[in-house]
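Working notes, beginning with the structure itself.
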Amino acid sequence: MTPKFDKVHNRFKLNGLHYDHEDLKEVAYSLIKEGDPYEKSTGNFLIDWLNDSEYIEVKTSGSTGQPKLIKLKKQAMVNSAIATGDFFGLEPGGTAMDCLPSHYIAGKMMLVRSMILGLEIDFVEPSAHPIFDYEKPYDFCAMIPLQLKHTLKYTNNIKTIIVGGSKVTQPLLERIKTCNSKFFETYGMTETVTHVAVRQLTSKASKGEKYFKAIPNVTFTQDERQCLVIHAPNLLSAPLATNDIVDLKSETSFQLLGRYDNVINSGGVKLFPEQIEDKLQPVIDERFIVAGEDDETLGERLVLIVENPRDSAESIANRIRFIKELTKFEVPKHIYITDKFVETVNGKIQRAKTIESVLG
């Protein structure tokens, strides 16, 4: 029987202490009154979660548009937590570490999973370099790529780590290969109550996968644009059409190719910036994006935009020439330098606004 959102598992613990529904309300008020800013955020979420409303308001990240408040059903969040628990084999009494801010869906869901599944969760201050008990064994943790990059050498005692919020870069993927934990890249968004699919990454503990696999009770189709459509009746009131072009392997697995609104049509050839950026990562240390610029002959020409590089554009271009994986269409025709990319409040690159600021 599926638990209701107002139930707190009798094995749930927060920072080593068990709390029931009423106890958690007192903890929440204490965090709001006396806590640091990140603790106040957690307290506010707990107050919202523990009230009688069937909905909770959540802010989207704004990486593909303006941040906005949306309403999510609490029961959908419960269903998501159960699906994640089933997929990863999380059991009551298991241990988790939460280093994500509670004002976004990923941080909220770490707490929901713990309350619903009966996990013992340690909550630490969210930062780019989270500090936690490196010697303590944990069964489960979620991080953004930047956090994982800074703490990877301390993660050997974490059994399973999910990573999302932005793309996992090629250099980070190479470092993960030397680690003992199991790592999974996630696919999802605020509207789908975090991830609806995960892709196992290569490490000493596991073989990497090319395709994202659906969590329980989620299936996929494609629309006429070849974009992914998510069918998740336990999470969504209706199928959700995305702007992500995919290679659909089955109704429960896909390979992510790139965003529909990012595709560059250069001389009749469709170019996916995300795939080209993967190939460029080994030779560019700084943040960068590729984009399409109007061109009389090609329609659009491929250009590269690099944020405050240490090397000259000419030096970067010379290194790019030695990348064998690049086709002739994928070699940037020009390199632009910019001082600073346009970002969301939580540090994600706003691609469209950055391109507009550089190309006008």
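Residues in the sequence shown are numbered consecutively from 0, following numbering that gives the first Met the number 0.
Heads up, the beta-carbon is just placed ideally off N, CA and C, and yes, glycines get one too.
Item                                                                                                             : Value
Pairwise C-alpha distance: Leu255 and Tyr210                                                                     : 8 Å
Three-way DSSP call (helix, strand, coil) for Thr59 in this model                                                : coil
Counted within 10 angstroms of its Cβ, other Cβ atoms place Pro272 as buried (16 or more) or exposed             : buried
For Ile244, the first and last residue of its enclosing beta strand (DSSP E)                                     : 239-249
Ile160 vs Met188 beta-carbon contact at 9 Å                                                                      : no
Distance cut-off 8 Å: Lys347 Cβ against heavy atoms of the ligand GTP                                            : What this structure holds is no ligand at all, so the ligand GTP is not there to describe.
Alpha carbon of Val197 to alpha carbon of Cys178, nearest angstrom                                               : 19 Å
Length at least 4, wholly inside the region 148-231: the alpha helix (DSSP H) runs in chain order                : 169-175
Burial state of Thr41, where buried means 16 or more other Cβ atoms lie within 10 Å                              : buried
Of the listed residues Val77, Leu99, Val57, nearest to Lys70 (C-alpha basis)                                     : Val57
For Thr337, the residue or residues it bridges with in DSSP                                                      : Glu306
Boundaries of the beta strand (DSSP E) in which Met96 is found, first to last residue                            : 94-97
Beta strand (DSSP E) segment containing Arg258, residue limits                                                   : 252-258
Identity of the residues DSSP links to Glu119 by a beta bridge                                                   : Lys12, Thr94
Whole-Å CB distance - Phe122 paired with Leu13, under 8 Å assumed                                                : 7 Å
Limits of the alpha helix (DSSP H) - the one that Lys352 falls within                                            : 350-358
Continuous beta strand (DSSP E) stretch holding Gly374: start and end                                            : In this structure the chain extends from 0 to 359, so residue 374 is not present and cannot be described.
Cβ-based burial, Thr154 [other Cβ within 10 Å; buried from 16]                                                   : buried
Status (buried if at least 16 other CB within 10 Å, exposed otherwise) for Phe321                                : exposed
Alpha-carbon spacing of Asp260 relative to Gln280, whole angstroms                                               : 22 Å
Contact the region 227-236 vs the region 85-105: 3+ CB pairs below 8 Å                                           : no
Assigned exposure category for Ile244 - 16 Cβ within 10 Å defines buried                                         : buried
The alpha helix (DSSP H) enclosing Lys52, as first and last residue numbers                                      : A quick correction: the sequence has Ser, not Lys, at residue 52. Run containing Ser52: none; DSSP gives neither H nor E here.
Where the beta strand (DSSP E) containing Val268 begins and where it ends                                        : 268-270
Backbone secondary structure at Gly298 - three-state DSSP                                                        : strand
Spatial neighbours of Asp85 in its chain, beta-carbon cut-off 7 Å, leaving aside the 5 residues before and after : Pro215
Rounded C-alpha distance that separates Gln221 from Leu234                                                       : 19 Å
Length of the line joining the Cα atoms of His166 and Ala27                                                      : Contrary to the premise, residue 166 reads as Lys rather than His in this sequence. Approximately 33 Å between the Cα atoms of the pair.
Range of the contiguous beta strand (DSSP E) that encloses Ser265                                                : 263-265
Residue burial classification, Arg224 (beta-carbon count within 10 angstroms, cutoff 16)                         : exposed
Short Cβ contact (9 Å threshold) for Val77 with Thr191                                                           : no
Straight-line Cα distance separating Thr296 from Ser144                                                          : At residue 144 the sequence reads Pro, which differs from the Ser that was named. The straight-line gap from Cα to Cα measures roughly 39 Å.
Euclidean distance between Cα positions of Asp19 and Ala82                                                       : 23 Å
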